[in-house]
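Taken in sequence, the protein lines are chains S and D. Under this note's numbering, the first residue of the first sequence carries the number 100, and numbering increases by one thereafter. Under this note's numbering, the first residue of the second sequence carries the number 12, and numbering increases by one thereafter. Have a look at the structure below before the remarks.
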Amino acid sequence: MIREVLKDQRGHVRAAARPPIAAAHLRKDAWWALPLTTFVVLTAFIIYSTWAALQNAHYYVAPYLSPFYSPCISKSCVHSTFGYGLPDMTFPVIGVLSPAFLILWGPGLFRLTCYYYRKAYYRSFWLAPAACAVRDVKGGYSGETRFPLIVQNFHRYAWYVAVIFIVLLTWDALLAFRFPDPRGGTQFGIGIGTLVMWINVIFLAGYTFSCHSCRHVCGGHVDVFSKTPARSSLWHVLTRLNEKHPTFAWLSLFSVGLTDLYIRLVSMGIIRDLRIL
Amino acid sequence: MPTYTMRVFRGDPGGGEFKDYRVETGEGMVVLDVIHRIQATEAPDLACRWNCKAGKCGSCSAEINGKPRLMCMTRMNLFEEGETISVAPIRTFPLIRDLVTDVSYNYEKAKQVPPLRLKPPDPDGKYRMMQEDVDRAQEFHKCIECFLCQDVCHVIRDHEEHKPKFAGPRFFIKIAGLAMHPLDTVDRTKWVGTHAGVGLCNITKCCTEVCPEHIHITDNGIIPMKERMADNVDPVVWLLRKFRGAKGKQPA
Ligand code: SF4
Ligand code: SF4
Ligand code: FES
Ligand code: FES
């Protein structure tokens, strides 16, 4: 109706054309700063973690195990706690690469398909869009409707795997209290490395349990909350946690990289681990 | 009184350009006031749409310094004195004139959303819902239909070809609200993919960023719908449903 009235009043047919504004955007603020920072930080993390995974050395110094090399899945693993009774992995590819690559696909896929990281890298790497109301760089766009991006919808499987990793890393953090006793055996102790490993596992757990898939699977799927009080309460708790998901995403990214770096430097003898207890 | 240069888009579908107006502002003024002052002084034919001047009718959507915002809720003291401020129409929809666009795309999309289909009432003929069952969807009801989220969404803003198959964030929250309704019997999880194009959304969250009602469009509407779609292909969910009994919803 309105369309007709306006057309008559003006005496000409309105073309279905958009405002004739050529500029790709009219923003005046530093909209590029955030995607650029994200690009730099994520690239740095990818480079460091790939390098660390390729080293296949300096990932263990008693009693600390780098999260990049946990769990131990090869006989040649220098981390003796898990090393017994495991096969010696000598597949051509795996033999050349380090066992870290057999592990990292799990947490790697979890982060790659994470709703928050998707936002982060679609904006900073894909530039679709780099910032709000800034034109997409590429012309064609199919979102997450086709292979390979349609696979993003299976994020929850990666979440199931990630939960297993939280159990494993908690176990490693518990073992980080067992220092080798000079008289033989082990003794209880706390070192800076123990704290580093605990901070890392707490951030990683925060990240894993604030996940959108977790929030959905644990209660979000319910339509009538009053009939499922346990799932409803869990959903409310996870919703609070979910609001912090981006924070945990970054904190855990830094903590996992820095934990590896700390253990690596101690193992290389570059720094000394201080014993607190 | 601080003075600003307002760079306002003037034109119609045939063509147009930005025109500068020097405007003196007063205490507490918003961009819409400044537009009205321009109308009252220099350009009585400047077209703009507004109604409430209280951020509740959703009429005065525009792009101010390139950001989709409500003109009536954008205070002038947000800007540096003497700054040049651009005011453009929302660029995703066809232009009518100056700052007014034709947003009927959204009304067409609204018509396509499968409506609520209620369960049979309780034996006494009444419908009952608990407050806690509707709390979640209440957030979506704050929507004022300003269509700023639809404007900023790059799926249609930058890719006109997706308009026929993409409902957009405003309607994703509408669909999510219906899907979470305790008395509804329609299964919208397939429909939202096939007919509303939720798969085109790459959850980059611009809709959430611009929403003047601060609705968590992506986190509470779109992602839960994507997760509900994933339920259909999750064997764990399938097993649990077998065990607990199916939800009893009919596909849209
Ligand atoms: S999150 Fe999705 S719906 Fe919202 S603006 Fe981005 S692409 Fe569009
Ligand atoms: S969801 Fe927010 S931005 Fe979108 S139309 Fe409603 S109020 Fe406007
Ligand atoms: S880990 Fe980020 S959403 Fe699941
Ligand atoms: S005039 Fe009503 S929202 Fe701005």
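Backbone N, C-alpha and C fix where the C-beta goes; we use that ideal spot for every residue, glycine too. Note that this is a predicted model, so its numbers are computed, not measured.
| Check | Outcome |
| --- | --- |
| Classify ALA116(S) as buried or exposed, calling it buried when 16 or more other Cβ atoms lie within 10 Å of its own Cβ. | exposed |
| Take GLU171(D) as the anchor and find which of LEU127(D), ASP144(D) and THR103(D) has the nearest alpha-carbon. | THR103(D) |
| According to DSSP, is TYR215(S) part of a helix, a strand, or is it coil? | helix |
| I'd like to know if the stretch 340 to 347 of chain S and the stretch 275 to 289 of chain S are in contact, where contact means that at least 3 CB-CB pairs between them fall below 8 Å. | no |
| For GLU74(D), list the residues DSSP reports as bridge partners. | PRO79(D) and ALA99(D) |
| What does ALA116(S) touch in chain D if you count any residue whose Cβ is under 8 Å from its own? | PRO24, PRO105 and LEU106 |
| Output needed in chain order: residues of the stretch 58 to 88 of chain D with a Cβ under 7 Å from some Cβ in chain S. | GLU74, ASN76, GLY77, LYS78 and PRO79 |
| Rounded to whole angstroms, what is the Cα-Cα separation between HIS165(D) and ASP235(S)? | 7 Å |
| Comparing the C-beta of ARG282(S) with each C-beta of chain D, is any distance below 8 Å? | no |
| Please compile the residues from chain D whose C-beta is within a distance smaller than 7 Å of the C-beta of LYS127(S). | ASN76 and GLY77 |
| As a quick exercise: from PRO79(D), TYR116(D), ASN117(D) and GLY210(D), pick the residue whose alpha carbon is nearest that of MET236(D). | GLY210(D) |
| With a threshold of 8 Å on Cβ separation, who are the neighbours of GLY22(D) within its own chain once the five nearest residues in sequence on each side are excluded? | GLU28, LEU106, ARG108 and ASP109 |
| For TRP297(S), I'd like the list of residues in its chain whose CB is within less than 8 Å of its CB, leaving aside the five on either flank, ordered along the chain. | ALA272 and ALA275 |
| What span of residues does the beta strand (DSSP E) with LYS30(D) cover, start to end? | 26 to 35 |
| Any heavy atom of ligand 3 within a distance shorter than 7 Å of the CB on LYS61(D)? | Position check: residue 61(D) holds Trp in this sequence, whereas Lys was assumed. Flag unset: Cβ of TRP61(D) not near ligand 3. |
| The alpha helix (DSSP H) that contains ILE291(S), what's its start and end? | 291 to 308 |
| At a cut-off of 7 Å, is LYS216(D) close to ligand 5 when judged by its beta-carbon and the heavy atoms of the ligand? | This structure does not include ligand 5; its bound ligands are ligand 1, ligand 2, ligand 3 and ligand 4. |
| I'd like to know whether the C-beta of ILE5(D) is nearer than 8 Å to at least one C-beta of chain S. | Any question about residue 5(D) goes unanswered here, given that chain D covers just 12 to 263. |
| Would you say the beta carbon of TYR215(S) is closer than 7 Å to some non-hydrogen atom of ligand 3? | yes |
| If SER309(S) sits next to VAL160(S), beta carbons under 8 Å apart, how far is it from one beta carbon to the other, in whole angstroms? | No, SER309(S) and VAL160(S) are not in contact; Cβ-Cβ is about 31 Å, not under 8 Å. |
| For the 8 Å Cβ check, are there 3 or more pairs between the stretch 169 to 184 of chain D and the stretch 147 to 160 of chain D? | yes |
| Should HIS254(S) be listed as close to ligand 3, given that the test is whether its C-beta is under 7 Å from any heavy atom? | yes |
| Can you give me the C-alpha to C-alpha distance between GLY136(D) and TYR216(S), rounded to a whole angstrom? | 49 Å |
| Within 8 Å (strictly less), CB to CB, does TYR306(S) reach chain D? | no |
| Hey, could you find the ends of the beta strand (DSSP E) GLY22(D) is sitting in? | 14 to 23 |
| Should ASN243(D) be flagged as near chain S, meaning a C-beta pair shorter than 8 Å? | no |
| DSSP state of ILE370(S), grouped into three classes? | coil |
| Considering just the uninterrupted stretch of the alpha helix (DSSP H) at ILE263(S), what are its terminal residues? | 254 to 274 |
| What's the C-alpha gap between GLY259(D) and ASP144(D)? | 18 Å |
| Measuring only between beta-carbons, confirm whether LYS218(S) sits less than 8 Å from chain D. | yes |
| How should PHE246(S) be labelled, buried or exposed, when 16 other C-beta atoms within 10 angstroms of its C-beta is the threshold for buried? | exposed |
| For LEU267(S), I'd like the list of residues in its chain whose CB is within less than 6 Å of its CB, leaving aside the five on either flank, ordered along the chain. | SER169 and PRO170 |
| CYS212(D): beta carbon under 7 Å from a heavy atom of ligand 1? | yes |
| Tell me the start and end of each unbroken alpha helix (DSSP H) in the stretch 189 to 228 of chain D that is at least 4 residues and wholly inside, in chain order. | 202 to 205 and 217 to 221 |
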